[in-house]
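Asks: Here you go, one structure.
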Amino acid sequence: MAYIGNQSDNTSWGGAEVEDYFALLKPRVMSLVIFTAIVGLLIAPGTLHPLLAFVAILCIAIGAGASGALNMWYDADIDAVMSRTINRPIPAGRVTRQEALGFGLVLSFFSVAILGLVTNWVAAGLLAFTIFFYAVIYTMWLKRWTPQNIVIGGAAGAFPPMIGWAAVTGTVTIESTILFLITFLWTPPHFWALALYKKGDYEQAGIPMLPNVAGERNTQHQILIYTLVLAAISVAPTLLGFASLAYGLVAGGLSAAFTFYAVKLWLQKDNVALKKAARQLFAFSLIYLFVVYLVLLADVSVANYFGGIGA
């Protein structure tokens, strides 16, 4: 597909502002990465000096932003034809593709190197793999090749809490794997709901999202299946003993609400009603993930506080 934005690969505009480079980092996505990484870091057993913890989270955030910049560099052609991405810095002509590429590579190198130096190389290795997975495996390969792009590619967005955990412990454990799985299983229903009401955009850009390839009905089935599996995994911290019953009850209640919206979507056959239900599910999915992680953080923090008092 030819790039049809407002600039060629060799054009130098020189008028980019700081906010344009910040936009390359996908700040809204970065905010989720920062939050889940903080949760992983704070609930991990062990301690990390506050300054080192701050630097670790900053490196994870910058690494995520680097992934976003590399994604925008490669996807400039399709960003230029989708309504929700057409005003990004590259298709809008405010940043060149070469500038975005160089920016992303520099940030990738320094975020990984500094994280390794201030914490450990397990965390740094996970961050490097996450950047590679998102920029190469997902962006350059899966996104344009398979309708399962979101399922497999969702792993990149699921790593931050595991990286935060590893920054403290230097290991990957069953607990950090559960944190990974919560985000990993949340990603397909979240993005497929978006794809249902943005189907035309993805079709115009030639991206094989599930609704465009397998149809809306199949997508409704898949969303419901992933939501049910997510509901089971969300209470795993309680079942495995690193969160209390209170967390399990809240997570179970949130998952019941998520399932309600997924069933409501699954029941829709009228196109207008389907898009409305998809928007509702998408909106709730944002609240769901934030609250699940927030409650888990509060639960473990309270347990550690009272455990410390009683020690």
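Just so we're aligned: 154 in numbering that gives the first Met the number 0 is position 155 of the sequence shown, and the numbers increase by one with no gaps anywhere.
Beta carbons: idealized from backbone N, C-alpha and C, even for Gly.
Remember, it's a predicted structure, so these values are computed and weren't measured experimentally.
(1) Residue ranges of each alpha helix (DSSP H) run of no fewer than 4 residues wholly in the segment 65-137, ordered along the chain?
(2) Can you give me the C-alpha to C-alpha distance between Gly13 and Glu98, rounded to a whole angstrom?
(3) How many angstroms separate the CA atom of Tyr2 from the CA atom of Gly214?
(4) Out of curiosity, what's the CA-to-CA distance linking Leu125 and Val94?
(5) In or out: Leu69 buried (at least 16 other Cβ within 10 Å) or exposed?
(6) Does the segment 160-180 come close enough to the segment 32-49 that 3 or more CB-CB pairs lie under 8 Å?
(7) What is the DSSP secondary structure of Asp19, reduced to helix, strand or coil?
(8) How about Ala276 and Leu264: are their beta carbons less than 7 Å apart?
(9) Under DSSP, the alpha helix (DSSP H) around Gln219 begins and ends at which residues?
(10) If I'm right that Pro331 touches Ala22 with Cβ under 8 Å, what's the distance once you round it to whole angstroms?
(11) With distances taken Cα to Cα, identify the nearest neighbour of Val326 among Val171, Phe257, Gln147, Ile177.
(12) Could you tell me whether the Cβ atoms of Ala194 and Pro210 are closer together than 7 Å?
(13) Quick check on this structure: which residue in Thr172, Ile173, Leu178 has the alpha carbon closest to the alpha carbon of Gly156?
(14) Between which residues of its own chain and Ile149 is the CB-CB distance below 7 Å, once the five residues before and five after are set aside?
(15) Taking Cβ positions, are Asp200 and Met81 nearer each other than 7 Å?
(16) Note down, in chain order, each residue of its chain lying with its Cβ closer than 7 Å to the Cβ of Leu24, except the 5 sequence neighbours on either side.
(17) Report whether the distance from the Cβ of Leu180 to the nearest heavy atom of the ligand SAH is below 6 Å.
(18) Pair every Cβ in the segment 169-177 with every Cβ in the segment 224-238, then say whether three or more of these pairs are closer than 8 Å.
(19) For the alpha helix (DSSP H) containing Ile173, list its first residue and its last residue.
(20) Does DSSP put Ile149 in a helix, a strand or coil?
(21) I need the boundaries of the alpha helix (DSSP H) containing Phe257, first residue and last residue.
(22) For Ala134, which residues from the same chain have a beta carbon less than 7 Å from its beta carbon, with the 5 sequence-adjacent residues on both sides left out?
(23) Starting from Ile322 and walking both ways along the alpha helix (DSSP H), at which residues does that stretch end?
(24) Mapping DSSP to helix, strand and coil, what is Pro210?
(25) What is the DSSP secondary structure of Gly156, reduced to helix, strand or coil?
Replies: This is what the structure gives:
(1) Counting only runs of 4 or more, we get 75-78, 96-117, 120-131.
(2) For this step, residue 13 is matched to residue 14 along the sequence shown. For this step, residue 98 is matched to residue 99 along the sequence shown. Note that Gly13 scores 49 on pLDDT, short of 50, meaning its location in the model is unreliable; the coordinates nonetheless yield the value given after this. Their Cα atoms are separated by approximately 10 Å.
(3) Within the sequence shown, the letter at position 3 stands for residue 2. Within the sequence shown, the letter at position 215 stands for residue 214. Annotation note: pLDDT 39 at Tyr2 (below 50); position unreliable, coordinate value reported separately. Straight through space, the alpha carbons of Gly214 and Tyr2 are spaced by roughly 27 Å.
(4) Working through the sequence shown from its first residue, we reach residue 125 at position 126. Working through the sequence shown from its first residue, we reach residue 94 at position 95. Distance between the alpha carbons of Leu125 and Val94: 29 Å.
(5) As a working note, residue 69 is residue 70 in the sequence shown. By the neighbour-count rule (16 or more Cβ atoms within 10 Å), Leu69 is buried.
(6) Yes: at least three Cβ pairs fall under 8 Å.
(7) If you number the sequence shown from 1, residue 19 lands on position 20. Secondary structure at Asp19: helix, using DSSP grouped into helix, strand and coil.
(8) Taking the first residue of the sequence shown as 1, we reach residue 276 at position 277. Taking the first residue of the sequence shown as 1, we reach residue 264 at position 265. Yes, Cβ-Cβ distance for Ala276 and Leu264 is below 7 Å.
(9) Taking the sequence shown and counting its residues from 1, one reaches residue 219 at position 220. Per DSSP, the unbroken alpha helix (DSSP H) holding Gln219 starts and ends at 215-233.
(10) Past the edges of the chain, shown from 0 to 310, lies residue 331, and the structure says nothing about it.
(11) Nothing can be reported for residue 326: it is not among the residues displayed for the chain, which extend from 0 to 310.
(12) For the purposes of this step, residue 194 is taken as residue 195 along the sequence shown, with counting starting at 1. For the purposes of this step, residue 210 is taken as residue 211 along the sequence shown, with counting starting at 1. In this structure, the beta-carbon distance from Ala194 to Pro210 falls below 7 Å.
(13) Here the question's residue 156 lines up with position 157 in the sequence shown. Residue nearest to Gly156 within the set Thr172, Ile173, Leu178 is Leu178 (criterion: CA-CA distance).
(14) On the sequence shown, residue 149 is found 150 positions in, with the first residue counted as 1. In its chain, beyond the 5 residues on either side, Thr186, Pro187, Phe190, Trp191 have a beta carbon closer than 7 Å to the beta carbon of Ile149.
(15) Working through the sequence shown from its first residue, we reach residue 200 at position 201. Working through the sequence shown from its first residue, we reach residue 81 at position 82. With contacts defined by Cβ atoms closer than 7 Å, Asp200 and Met81 form a contacting pair.
(16) Within the sequence shown, residue 24 is the residue found at index 25, counting from 1. Contacts found: Gly64, Gly67, Ala68.
(17) Inclusion of the ligand SAH in the displayed structure is not the case, the ligand content being empty and no account of it being possible.
(18) Segments in contact, yes.
(19) Your numbering for residue 173 matches position 174 in the sequence shown. DSSP places Ile173 inside the alpha helix (DSSP H), whose first and last residues are 173-196.
(20) Counting from 1 along the sequence shown, the entry for residue 149 is found at position 150. DSSP places Ile149 in helix when its eight states are reduced to three.
(21) Within the sequence shown, numbered from 1, the residue matching residue 257 stands at position 258. Run containing Phe257: 244-266, per the alpha helix (DSSP H) assignment.
(22) Residue mapping note: residue 134 aligns to position 135 of the sequence shown, counting from 1. Ser66, Leu69, Asn70.
(23) The structure shown does not extend to residue 322, since the chain spans only 0 to 310, so no value can be given for it.
(24) The count along the sequence shown starts at 1 and reaches residue 210 at position 211. Residue state for Pro210 is assigned as helix, using DSSP reduced to three classes.
(25) Counting from 1 along the sequence shown, the entry for residue 156 is found at position 157. If DSSP states are grouped into helix, strand and coil, Gly156 belongs with the helices.
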